[in-house]
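Take a look at the structure set out below.
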Amino acid sequence: MRTLTFWTMGSLGGALWVAVIVVTTIAVPSGLILIRNARELNVLLLGENEARYLGVDAERLKRTIVICTALCVGAAISVSGVIGFVGLVVPHLVRLTLGPDHRLLIPASALLGAALLVVADTAARTIVAPAEMPVGILTSLIGGPFFLWLLIKQYAGRFSL
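For the record, in the sequence shown the residue sitting at position 113 is 952 according to the numbering used here, with numbers rising by one throughout.
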């Protein structure tokens, strides 16, 4: 029951080397396919019709991206549980700093996400030592206010009371 509780809150405490190897064999090839399609994703930012005119098969690209992303996310969640905001906050932060170029955005998001998770896990283990706080709680404390700030920033000009 304790393991299930920690998994639902997001924890790296139950990770074994066998699981890391399995996740790596799924996530690395999928991530490399995502990086390989970065230029086509940049073209897709123009719109599906424009991308089609420029020779990008938008339907194939979307299907490939969804499958590879689902494989990466599924593999990571199977080991670490729901560490919710890391995968949502980091790409937004990277996009705000580096811009929308997927050639930089995808690898930088992966590296910054991994770094944020290591820092959050270390903090979660030291804040309440010798007990262990699920890292998902700490990432939610980071991600919740960040998303509120993004929503307020995005919709501030659209709705005036």
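Ideal placement from N, C-alpha and C gives every residue a C-beta, glycine not left out.
All of these numbers come straight from a predicted model, not from anything done at the bench.
In the three-state reduction of the DSSP assignment, Asn-876 falls in the coil class. When Val-974, Cys-907 and Gln-993 are compared, the shortest CA-CA separation from Ala-854 is found for Val-974.
In the assembly as shown, Trp-846 is a buried residue. Its beta-carbon has 16 or more other beta-carbons within 10 Å. In the DSSP assignment, Ala-915 falls within the unbroken alpha helix (DSSP H) covering 897–919.
Of the residues assessed, Ser-917 falls on the exposed side of the cut-off, its CB having fewer than 16 other CB atoms within 10 angstroms. Cβ atoms of Met-848 and Gly-920 come within 8 Å of each other, at about 7 Å.
Rounded to whole angstroms, the gap between the alpha carbons of Arg-875 and Pro-969 is 43 Å. With respect to the C-alpha of Ile-860, the residue from Val-967, Ala-915, Leu-956 and Ala-963 having the closest C-alpha is Ala-915.
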